[in-house]
Amino acid sequence: DTGVSQDPRHKITKRGQNVTFRCDPISEHNRLYWYRQTLGQGPEFLTYFQNEAQLEKSRLLSDRFSAERPKGSFSTLEIQRTEQGDSAMYLCASSWEGGEKLFFGSGTQLSVL
Amino acid sequence: DAKTTQPTSMDCAEGRAANLPCNHSTISGNEYVYWYRQIHSQGPQYIIHGLKNNETNEMASLIITEDRKSSTLILPHATLRDTAVYYCITGSGGSNYKLTFGKGTLLTVNP
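So the protein lines, in turn, are chains G and D. FYI, this note's numbering numbers position 41 of the first sequence as 44, with every residue one higher than the one before it. FYI, this note's numbering numbers position 54 of the second sequence as 1425, with every residue one higher than the one before it.
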């Protein structure tokens, strides 16, 4: 069990640029989740996958955000035309289907200048 | 909005028990109580969860009142490494992916 891995740990970008984050879940987990956390707040749910299917998206996930999980393994979260309000920690988590525990990665800290 | 209420911050002396309260007066019959914690610059870490009965694992104990409207997380012997934000969350077991985190309680363990 190597845990949930996220890359990069930190990303600094200029407003208007596109960014992509990667998440590698625990290998035997078939569910994968993305959350966003801003300073001083708890994490907020964005979206989740069961295998390769994206089953739910939060209304927080605007049209500039897209997430994929090809082949039901790793996942990517892309933000197009970044805005300063996108600055946050982006957290990935995984679990077994029906499992009660979510295992979180250390997150990707995005700063949009 | 989070469906739980927690104190903003608490202090505890190293080696003593830390008791973190949580109010969840609107919890429904099939909802669990989950506790996670988040150490600075890390992702949240699962601690424990329960439905009705008190639960204990290697990390902590969870005491749920009989009416299920509140609970207490107990760290029996707090260490400096337990300094973190502790989140109390309620949710149905099947929809646990939609964990609704509030602001949690910042527990500071002092030497």
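All C-beta atoms in this analysis are idealised placements derived from N, C-alpha and C, irrespective of residue type, glycine included. Model, not experiment: these values are computed from the prediction.
Quick one: Cα of residue i to Cα of residue j, how far?
i, j, result
"K17(G)", "Q9(G)", "21 angstroms"
"F24(G)", "D1438(D)", "44 angstroms"
"I30(G)", "R72(G)", "As written in the sequence, residue 30(G) is Ser, which differs from the Ile given in the question. C-alpha separation (whole angstroms): 13 angstroms."
"Q44(G)", "L1477(D)", "12 angstroms"
"V115(G)", "V22(G)", "10 angstroms"
"Y1468(D)", "S61(G)", "12 angstroms"
"K74(G)", "P28(G)", "13 angstroms"
"L1391(D)", "T1461(D)", "15 angstroms"
"R1341(D)", "P1378(D)", "Outside the displayed range of chain D (1372 to 1482) lies residue 1341(D), so it cannot be described from this structure."
"D1382(D)", "D66(G)", "43 angstroms"
"S1442(D)", "P11(G)", "37 angstroms"
"I1410(D)", "M1430(D)", "15 angstroms"
Of the choices the options, whose alpha-carbon is the least far from that of residue i?
i, options, result
"T1397(D)", "G1421(D), P1482(D), T1376(D), L1446(D)", "T1376(D)"
"E81(G)", "E100(G), L105(G), G19(G)", "G19(G)"
"L1422(D)", "W1406(D), P1482(D), M1430(D), N1401(D)", "N1401(D)"
"S1412(D)", "M92(G), L116(G), F106(G), L105(G)", "M92(G)"
"Y36(G)", "V22(G), N54(G), L42(G), N21(G)", "N54(G)"
"A1483(D)", "K1374(D), V1404(D), N1481(D), T1443(D)", "Nothing can be reported for residue 1483(D): it is not among the residues displayed for chain D, which extend from 1372 to 1482."
"S1432(D)", "I1445(D), K1440(D), G1386(D), R1387(D)", "I1445(D)"
"N33(G)", "T5(G), A96(G), S69(G)", "A96(G)"
"K104(G)", "I1434(D), Q1416(D), I1410(D), G1386(D)", "Q1416(D)"
"Y38(G)", "W99(G), G101(G), G110(G), L94(G)", "L94(G)"
"L1470(D)", "P11(G), T50(G), C26(G), L42(G)", "T50(G)"
"W99(G)", "L42(G), L63(G), S76(G)", "S76(G)"
With 8 angstroms set as the bound, which would you pick, yes or no: does the beta-carbon of residue i sit closer than that to a beta-carbon of chain D?
i, result
"K104(G)", "yes"
"S8(G)", "no"
"Q57(G)", "no"
"S109(G)", "yes"
"P46(G)", "yes"
"R2(G)", "The structure shown does not extend to residue 2(G), since chain G spans only 4 to 116, so no value can be given for it."
"R39(G)", "no"
"R34(G)", "yes"
Determine, using beta carbons only, whether residue i comes closer than 8 angstroms to chain G.
i, result
"Y1457(D)", "no"
"G1421(D)", "no"
"G1386(D)", "no"
So residue i packs on residue j, CB below 8 angstroms; how close in whole Å?
i, j, result
"Q40(G)", "E47(G)", "7 angstroms"
"Q83(G)", "H13(G)", "Rounded, the Cβ-Cβ distance is 20 angstroms, inconsistent with contact."
"G1473(D)", "F107(G)", "Not quite, the Cβ-Cβ distance comes to about 17 angstroms (not below 8 angstroms), so this is no contact."
"Y1403(D)", "I1418(D)", "Their Cβ separation, rounded to whole angstroms, is 13 angstroms, which puts Y1403(D) and I1418(D) out of contact at 8 angstroms."
So is residue i in contact with chain C if we call contact Cβ pairs under 8 angstroms?
i, result
"H1411(D)", "Of the protein chains in the structure, G and D, none is chain C."
Closer than 9 angstroms, Cβ to Cβ, to anything on chain D: give me those residues from the region 70–98 of chain G, in chain order. Those would be M92, L94, C95, A96, S98, in chain order.
If contact means a Cβ-Cβ distance below 9 angstroms, which residues of the region 1401–1419 of chain D contact chain G? Y1403, Y1405, Y1407, Q1409, S1412, Q1413, G1414, P1415, Q1416, Y1417
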